[in-house]
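In what follows, a structure is listed as structure tokens, so that the remarks can point back to it.
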Amino acid sequence: MRGLLTCSVALLFLLFAVSQPVEAQDTALRGTLQGLLKEFQQTYGFPGATAAVVLADGHSESVAIGLADVEAAIAMTPESRMLGASIGKTIWGALILSLETDGALSRADLVSKHLGDLPWFARLANADSMTVARLVTHSAGLRDHIHMEGVASALIARGPKAPFDPSMAISFILDEPAIFEPGSSWAYTDTGYLLLGMVIEAATGENVFDLARTYFLTPLRLDSTGPSNTTNLAGLAVGYTAKNNPFDLSVRTMDDHGGLIWNPAIEWTGGGFATTSADLARWGHALFTGAALEHAYLDRLLDGIPVHPDAPDIYYGCGVAIYRDTPLGRVYGHGGWIPGYVSSLRHYADHGVTIAFQINSDVGVVDNTSDLVPKLEAALAKALIGSTTF
487 MRGLLTCSVA
497 LLFLLFAVSQ
507 PVEAQDTALR
517 GTLQGLLKEF
527 QQTYGFPGAT
537 AAVVLADGHS
547 ESVAIGLADV
557 EAAIAMTPES
567 RMLGASIGKT
577 IWGALILSLE
587 TDGALSRADL
597 VSKHLGDLPW
607 FARLANADSM
617 TVARLVTHSA
627 GLRDHIHMEG
637 VASALIARGP
647 KAPFDPSMAI
657 SFILDEPAIF
667 EPGSSWAYTD
677 TGYLLLGMVI
687 EAATGENVFD
697 LARTYFLTPL
707 RLDSTGPSNT
717 TNLAGLAVGY
727 TAKNNPFDLS
737 VRTMDDHGGL
747 IWNPAIEWTG
757 GGFATTSADL
767 ARWGHALFTG
777 AALEHAYLDR
787 LLDGIPVHPD
797 APDIYYGCGV
807 AIYRDTPLGR
817 VYGHGGWIPG
827 YVSSLRHYAD
837 HGVTIAFQIN
847 SDVGVVDNTS
857 DLVPKLEAAL
867 AKALIGSTTF
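Numbering-wise (the working numbering), the sequence shown opens with residue 487 and increments by one.
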């Protein structure tokens, strides 16, 4: 017994000694993330933020600073959820690839194959020639209803409890001329992604959010991620917007009972998820390292088209932005903005590092007067990838 006790003590000592460097690294990693967030909060004045990183070995950390609710003085935590906005397009793009593998649809399908029987479909620009691939890569030549004057504010003005159908938002671009022939150029369009959601449901006969849960959220244990299709979302941090925002929303975008004062369901498959920075980082790491789907898919995911002649190294793939040549190598990801929230997801492929952050304010982002997002993306990347500490 005494010998066994001696061996056990020795083993415990060894385990403690081995764990010390890891614990020190964890502390340093958390300190780096928190330090940068606090520095940016002091500079830009946002209420709160979360950030998360997944390293090449799979180790992850997430932190939070500031307030999730300014008026109630509730602290932001790593578990605080925010609206991920257009980062949801990475999920819909991946779902298209999964359904293609399963034989439910093909990226080569004409959209008319799935939606052509709808009475309004022929009134869409390029209705007879756009394909699923053109929708998912923003190359179908369609306008974006969100950026048409007065459309977003009109949808929001319908109120937080008004029912929403995607065809309602799509109706704003009916009879509008094509921006270009499918495949000949690139133009970001949430409207195209609403059509994509309708294609998915028509091809499968299932709800898009149920499919996202079955294919990705449940298998990858993204337990803090779910549809943002109701005004009351558990654990959602309060979002804050600018005083003179274009949607006539109050600065605090949530009421005193925890409900959003506008209906996030109007985003649908243009984004569509409430999530955390930790889940975003884990999702991005799985997606961009080839681990999100059981079958091979990265070649198809990253089969993109150039977004502009003046930016020859920036492409858009299957729901993902692709930066082919940066000072830190290849970068894949997506950004997200929605009233009261901004989010970022970036995977640094040459380093195997994925970084995400969320902020519960869109002040300066809604009107493009702030460089907060690109500056914070660059600072986090420099600190986490440029350092040899981790």
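We treat Cβ as the ideally placed atom computed from N, Cα and C, and that holds for glycine. Bear in mind that the values here come from a model prediction, so they are computed numbers and not experimental data.
Going by DSSP, name the residue or residues bridged to residue i.
| i | result |
| --- | --- |
| Gly819 | Ala807, Arg832 |
| Ile800 | Tyr809 |
| Val839 | Tyr834 |
| Gln844 | Thr536, Ser829 |
| Ser548 | Ala538 |
| Arg738 | Tyr726 |
| Leu866 | Its beta-bridge partners do not exist; DSSP assigns none. |
| Thr761 | Met568 |
| Pro860 | DSSP lists no partner for Pro860. |
| Thr617 | Leu596 |
| Ala555 | One point to set straight first is that residue 555 is Asp, not Ala, in the sequence displayed. Answer is Ile560, bridged to Asp555. |
Under 8 Å by Cβ, that's how I've got residue i and residue j pegged, so tell me the actual separation to the nearest angstrom.
| i | j | result |
| --- | --- | --- |
| Ile642 | Trp748 | 5 Å |
| Thr711 | Thr727 | Between Thr727 and Thr711 the Cβ distance is about 23 Å, and since that is not below 8 Å, they are no contact. |
| Ala554 | Met562 | 4 Å |
| Leu766 | Ser829 | 7 Å |
| Ser584 | Leu779 | 6 Å |
| Leu604 | Gly678 | The Cβ separation is near 15 Å, so there is no contact. |
| Tyr674 | Asp630 | 6 Å |
| His837 | Ala542 | 7 Å |
Using a threshold of 8 Å, state whether the C-beta atoms of residue i and residue j are closer than that.
| i | j | result |
| --- | --- | --- |
| Val540 | Gln520 | no |
| Pro825 | Gly745 | no |
| His820 | Ile573 | yes |
| Thr617 | Pro668 | yes |
| Ala869 | Thr536 | no |
| Pro522 | Leu814 | The question names Pro, but residue 522 in the sequence shown is Leu. Not in contact: Leu522 and Leu814 (Cβ atoms no closer than 8 Å). |
| Arg816 | Ala835 | yes |
| Ala611 | Glu557 | no |
| Trp672 | Ser639 | no |
| Thr840 | Phe774 | yes |
| Leu581 | Leu697 | yes |
| Val852 | Asn731 | yes |
So the beta strand (DSSP E) residue i belongs to, where does it begin and stop?
| i | result |
| --- | --- |
| Thr716 | Taken as a continuous stretch (DSSP letters only), Thr716 belongs to no beta strand (DSSP E), as it is neither H nor E. |
Hey, could you find the ends of the alpha helix (DSSP H) residue i is sitting in?
| i | result |
| --- | --- |
| Phe695 | 694-698 |
| Pro652 | 652-656 |
| Val637 | 637-643 |
| Met684 | 676-690 |
| Val793 | Premise fails: Val793 is in no alpha helix (DSSP H) and is neither H nor E. |
Three or more C-beta pairs under 8 Å: does that hold for the segment 800-808 against the segment 856-868? In the pairwise beta carbon analysis, the segment 800-808 is classified as not touching the segment 856-868: fewer than three pairs are separated by under 8 Å.
Measuring CB atoms only, is the segment 673-693 touching the segment 591-601, in the sense that at least three cross pairs come out at less than 8 Å? As far as the Cβ criterion goes, the segment 673-693 touches the segment 591-601, which means the pair count is three or higher.
Contact between the segment 751-770 and the segment 674-686 (3+ Cβ pairs under 8 Å): Touching, yes.
Could you tell me whether the segment 722-737 touches the segment 846-855, using the rule of 3 or more Cβ pairs below 8 Å? Yes, they touch.
Pairing CB atoms from the segment 728-735 with CB atoms from the segment 757-766, are three or more of them under 8 Å? They do not touch, by the three-pair rule.
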